[in-house]
Every structure is written in C-alpha cells, then in structure tokens.
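Chemist: Here it is: the structure, laid out below.
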Amino acid sequence: RVAELGSLGVMSDALWAIIWVGLGCLSSLAYYAIRGSKFPQSSPRILYTESFAFGRSYRDVVSQFCAAARALVITVTEDELWIRPFRAFYVMFLPSLSDLEHRIPKRSITAVRDAPHLLRQGVIVEFTDGKGRHKKIKLGLKNADLFKRALRSETHDT
Numbered sequence: 414r415v416a417e418l419g420s421l422g423v424m425s426d427a428l429w430a431i432i433w434v435g436l437g438c439l440s441s442l443a444y445y446a447i448r449g450s451k452f453p454q455s456s457p458r459i460l461y462t463e464s465f466a467f468g469r470s471y472r473d474v475v476s477q478f479c480a481a482a483r484a485l486v487i488t489v490t491e492d493e494l495w496i497r498p499f500r501a502f503y504v505m506f507l508p509s510l511s512d513l514e515h516r517i518p519k520r521s522i523t524a525v526r527d528a529p530h531l532l533r534q535g536v537i538v539e540f541t542d543g544k545g546r547h548k549k550i551k552l553g554l555k556n557a558d559l560f561k562r563a564l565r566s567e568t569h570d571t
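Below, the structure written as structure tokens:
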C-alpha cells in the first residue's frame, strides 16, 4: 500500500510538470500573438533568403546555450537584415531567451566576418541594436558569400 502511494506522488509530480510546461507554451504563444510580428507582412525587395539556418547569439550564457539548429530564417532586404525563427520556435519564449529575433537596419551592422562552423559556412554579424547595445550573432549559412554580397548592396531608389 505504501508503494502505491509513492507512485501516486511521482505521477502527480509528473502531471504538475506537464501542466507547467503546457502553461509556459500557451503563455508564450499568447504573448507573441498579442505582440504581433516585428516583420512586415508585405514583401519588400528581397536580396537573399535562407531557411533552416543555424544561429547563436553571444548576448549572455543563456542565449549561447539556446542556439538554434536549422530553425532560423535569414532574409536580407535592400535596407535590413532579418533574423527570425520558425513559428514552432516561439514556444516557451525561446526567441527572447536565445536573442535570435532581430530586424537590423544595414547601417547598424558594424562588422561581418567569416567564422568556423561545423556543418555550414559560418559568419559572425556584429551590430548595434535600437538601444545602442553592441550585439554579435553567429550564423551557419548554405551560401555565406551570397549573404555577404546582399548585405553590401546599396538601396536603389526607383
């Protein structure tokens, strides 16, 4: 009888863990749904885009631990670099923890340099965010040369 009561305690602990994780998922999805997207719905002129990219922010230890493997969409427009996760990555506040959701004006990018990456061509992008903080993100891309060329391109007024 004591063994049965012990197993009920473990079961209730597991149930509570599932409930807490479920509440975390729902609250983060609700937060991002209310906040809305940082990215425009209409498509500007896209110079480079890649799905399933790798990424890691160097903001802090937590963001380095929360690196994204094949979970980012990288887009370069005439004026901006967009780094954003796939929709499924928005669960449990991962974009906030990982620091992998950015809309960066090209004029704010201070450096782009090659970096080693295990599976892809690695690039480190350094930039100043809207609050004046220096940030650094490492990306693993399929075609780093095309990405860098798109970042160097000028805006063309028509």
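When you number the sequence shown by our numbering, it's gap-free, plus one each residue, and the end is 571. Yeah, the Cβ is synthetic: ideal placement off N, Cα and C, and Gly gets one too.
Verify whether the separation of the beta carbon atoms of Thr488 and Thr523 is less than 9 Å.
Modeler: For the purposes of this step, residue 488 is taken as the residue at position 75 of the sequence shown. For the purposes of this step, residue 523 is taken as the residue at position 110 of the sequence shown. No; because the gap between Cβ atoms is not below 9 Å, this pair is not in contact.
Chemist: How long is the line joining the alpha carbons of His547 and Phe540, rounded to whole angstroms?
Modeler: One-based indexing of the sequence shown puts residue 547 at position 134. One-based indexing of the sequence shown puts residue 540 at position 127. Roughly 6 Å between the two C-alpha positions.
Chemist: Give the DSSP bridge partners of Lys551, in chain order.
Modeler: For the purposes of this step, residue 551 is identified with residue 138 of the sequence shown, where counting begins at 1. The partner list for Lys551 (beta bridge, DSSP) reads Arg469, Ile537.
Chemist: Provide the residue(s) that pair with Leu485 in DSSP beta bridges, ordered along the chain.
Modeler: By 1-based counting over the sequence shown, the position of residue 485 is 72. Its beta-bridge partners are Ala466, Pro498.
Chemist: Taking the alpha carbon of Ser464 as the reference point, which residue from Pro498, Ile431, Arg562 has its own alpha carbon closest?
Modeler: For the purposes of this step, residue 464 is taken as residue 51 along the sequence shown, with counting starting at 1. Closest by alpha carbon: Pro498.
Chemist: Here's the rule I'm using: 16 or more other beta-carbon atoms within 10 Å means buried, otherwise exposed. How should Arg520 be labelled?
Modeler: Mapped onto the sequence shown, residue 520 falls at position 107. Answer is exposed; the Cβ neighbour count stays below 16.
Chemist: Quick check on the DSSP output: the alpha helix (DSSP H) that includes Arg562 runs from which residue to which?
Modeler: On the sequence shown, residue 562 is found 149 positions in, with the first residue counted as 1. It spans 557–565 - the alpha helix (DSSP H) in which Arg562 sits, taken as one unbroken run.
Chemist: Starting from Ser476, follow the alpha helix (DSSP H) in both directions and report where the run begins and ends.
Modeler: Translated into positions along the sequence shown, residue 476 becomes position 63. Here the alpha helix (DSSP H) through Ser476 covers 474–478.
Chemist: So, does the segment 466–476 touch the segment 544–558, judging by three or more C-beta pairs under 8 Å?
Modeler: yes
Chemist: Under three-state DSSP, which class holds Leu460?
Modeler: Here residue 460 refers to the residue found at position 47 when the sequence shown is read from its first residue. Leu460: strand per DSSP, three-state reduction.
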